Every structure is written in structure tokens, then in C-alpha cells.
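Visitor:
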Amino acid sequence: MIANKVFLKKTKRGNILKIVREHYLRDDIWCGSQLCNACKQENPVLSSDPVSGSTLFPQPHYLLLDTNVVLDQIDVFEETTLKNIIVTQTVLEEVKHRSCPVYKRLKEIIGDSKRSVFTFVNEHHKETYVERLPGEKPNDRNDRAIRVTAAWYVSHLSLDLRNMSVVLLTDDVANRDLANKEGLLAVSVAEYVRSLSSCPLLADKLSSHSFSAEGKVALYPTHLTPSQVHEAVKAGKVLQGAFQASRENFLEGQVNVEGFSKPILVQGRE
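Each residue of the sequence shown is one higher than the last, beginning at 146 in my numbering.
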């Protein structure tokens with residue numbers, strides 16, 4: 146099956162060029178589960194009977210990650226306690242695009258045979274590939290693709306009488322709410338980790354980053370943009386110079402500004 150991607154591009158000469166790209170979809174991509182008898186797969190990595198240590202989800206289940214939890218909670222997922230994890234192609238490509246260091250760490254996790262981590266090529270599976278809707282943001286489309294994959298796994302694995310569960314881990318409140326409305330199991334990484342009674346120390350590796358705008362309090366003022374800095378320097382509101390840290394006090398430093406006879410003292414901590 147072929148899905149065509151069509152978009153318009155403006156050339157340097159001002160001409161409009163129509164570009165058509167073929168996107169091949171298949172129906173023989175493996176799910177990676179030892180539980181599945183429908184897929185003709187070799188060496189499936191996801192256990193047929195994963196042991197759950199979670200008090201929230203005591204039933205056997207697989208974990209499905211979204212992009213942001215990988216980027217912000219990679220320290221947690223490097224712990225060997227978490228096993229039987231599904232990483233979609235959508236997440237893998239987005240992580241690679243946004244952070245090469247995290248991508249390399251994720252690839253090492255996937256390559257660890259003891260972890261039972263499976264990469265599912267959802268972008269080329271005819272039942273999990275989703276087109277971007279008109280006006281839909283790329284991030285929203287990717288979140289929807291991950292939810293579609295989660296729903297497909299639940300349906301696909303329900304062919305077995307054991308009915309394996311799939312838990313979507315996402316720190317995006319909106320994505321989590323949509324998943325719950327669609328009948329999926331979705332929870333934040335913090336909630337899931339704290340439900341692992343046998344791994345209390347794992348909570349120490351949690352990042353405090355949150356994707357909810359509600360109730361968020363900024364610890365520090367946001368940085369000025371380059372254009373704001375340029376305008377402030379030009380107007381004399383901001384001084385520009387070379388910073389030299391103090392050898393005696395790590396909370397102090399000096400800035401040498403052109404036109405000033407003495408360096409300006411800079412102190413940390415309010």
C-alpha cells in the first residue's frame with residue numbers, strides 16, 4: 146500500500162514546485178510480543194508474561210513511551226528495573242531530531258537484550274500510520290500517532306485470551322487526558338515510578354519537568370532572546386562584556402565592560 150505525501154515548495158526564483166513523496170505501508174510488520182501468534186516474527190523480545198511491580202497496574206503489561214518522557218526522563222529508563230518497553234518509530238525519529246545525546250542513550254537501552262525493549266515501526270504499518278490533519282501541529286500529530294499505536298497493540302494482543310495491557314507513559318497532561326478519553330491506560334512517569342513498591346530509590350532519578358501549564362511557577366526569569374539582548378545593549382539598558390569568575394568565591398564574578406574604568410561586580414543568589 147502506498148500513501149502519497151504532497152506539498153508545495155517555493156523555489157529561489159519564486160516558482161511554486163509541487164513535490165510528491167511516496168510513503169509505503171505494510172501489513173507484515175511484527176508487534177514484537179512473544180504472546181502473539183498472528184505475527185510471523187523471529188525472536189520476539191517482549192515477554193509473554195511480564196511481571197508487574199506496579200500497584201497502579203498489577204496486571205501484566207507493556208510500557209509505551211512518548212517523546213517527551215524519553216527526552217526528560219532518560220535517567221529513569223536507563224534503570225534495568227523497567228522492562229518490556231515499546232518505542233515507536235515516531236518517538237525514535239523525534240528524539241534523534243531533538244537530542245543526539247539522548248538518542249544515543251536510547252539506542253543503548255534498545256540494544257540491551259536483557260531489557261526486552263522493542264522498536265515498533267508504526268510509521269510504515271498500514272493500521273498505525275496516521276496522516277497529519279489540516280491545521281494540526283506536528284507535535285499533536287505525533288502524539289496522536291503514539292495513541293493510535295497504543296490502541297492497536299491493545300486490539301492486536303486481545304486476540305490472545307490473556308489480554309495483555311499497554312500503559313502509555315506521558316507527562317503531557319493534554320495527551321494523557323485524550324488517551325484516557327479514548328479508553329487507553331495512560332499515566333505520568335512520576336505516578337508510575339512511585340507505584341513501583343520494590344524500587345523506591347528510582348523516584349530519586351525523576352526529573353521535575355512538567356508539561357502542564359496549569360499551576361506552573363517559574364523558578365527563574367526566562368532568558369532574553371538574542372534580538373531583545375541586542376536592543377537592550379543598543380539602548381544602554383544592558384551592558385556587554387567579558388565575564389571572569391572569582392577564584393575565592395564561586396558566587397561572585399566580574400565583568401569587564403568597554404568604557405568602564407573598573408570591572409562590574411556580579412553576585413549570585415538573590
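Ideal placement from N, C-alpha and C gives every residue a C-beta, glycine not left out. This structure is a prediction, so every number in the text was calculated from the model and none was measured.
(1) By the 10 Å Cβ neighbour count, where 16 or more other Cβ atoms means buried, how is C245 classified, buried or exposed?
(2) Between Y207 and L191, which are expected to be in contact by the criterion C-beta below 8 Å, what is the C-beta distance as a whole number of angstroms?
(3) What ranges does the beta strand (DSSP E) occupy inside the segment 231-305, keeping only unbroken runs of at least 3 residues that lie completely in it?
(4) Can you tell me the Cα-Cα spacing of G177 and K163, whole angstroms?
(5) With H, G and I counted as helix, E and B as strand and the rest as coil, what does DSSP make of R171?
(6) Terminal residues of the continuous alpha helix (DSSP H) containing L216?
(7) Per DSSP, A390 is paired with what?
(8) Assign I291 to buried or exposed, taking buried as 16 or more other Cβ atoms, counted over all protein chains shown, within 10 Å of its Cβ.
(9) Is there a Cβ of chain E sitting closer than 8 Å to that of H301, yes or no?
(10) Could you give the C-beta distance for D220 and L313, rounded to a whole number, given that I count them as a contact under 8 Å?
(11) Buried or exposed for D173, please, with buried defined as at least 16 other CB atoms from any protein chain shown within 10 angstroms of its CB.
(12) L346 by DSSP, collapsed to three states: which one?
(13) Buried or exposed for L346, going by 16 or more other Cβ atoms inside 10 Å?
Guide: Result, derived from the coordinates:
(1) Locating residue 245 in the sequence shown gives position 100, where the first residue counts as 1. Exposed is the label assigned to C245, since fewer than 16 other Cβ atoms lie within 10 Å of its Cβ.
(2) By one-based count along the sequence shown, residue 207 stands at place 62. By one-based count along the sequence shown, residue 191 stands at place 46. With 8 Å as the limit, Y207 and L191 qualify as a contact, their Cβ atoms being about 6 Å apart.
(3) Qualifying beta strand (DSSP E) stretches, in chain order: 262-265.
(4) Here the question's residue 177 lines up with position 32 in the sequence shown. Here the question's residue 163 lines up with position 18 in the sequence shown. Straight-line Cα distance between these residues: approximately 38 Å.
(5) Residue 171 sits at position 26 when you count from the first residue of the sequence shown. Strand.
(6) Numbered from 1 along the sequence shown, position 71 holds the residue referred to as residue 216. DSSP places L216 inside the alpha helix (DSSP H), whose first and last residues are T212 to D217.
(7) Numbered from its first residue, the sequence shown carries residue 390 at position 245. Under the DSSP definition of a beta bridge, A390 partners with G398.
(8) Taking the first residue of the sequence shown as 1, we reach residue 291 at position 146. Burial call: buried.
(9) In summary, chain E is missing from the structure at hand, where a single protein chain is found.
(10) The count along the sequence shown starts at 1 and reaches residue 220 at position 75. The count along the sequence shown starts at 1 and reaches residue 313 at position 168. That belief does not hold up - the Cβ atoms of D220 and L313 are roughly 20 Å apart, past 8 Å.
(11) By 1-based counting over the sequence shown, the position of residue 173 is 28. Per the 10 Å Cβ criterion, exposed.
(12) Translated into positions along the sequence shown, residue 346 becomes position 201. DSSP places L346 in the helix class (H, G or I) of the three-state scheme.
(13) Within the sequence shown, residue 346 is the residue found at index 201, counting from 1. Only exposed fits L346, as fewer than 16 other CB atoms lie within 10 angstroms of its CB.
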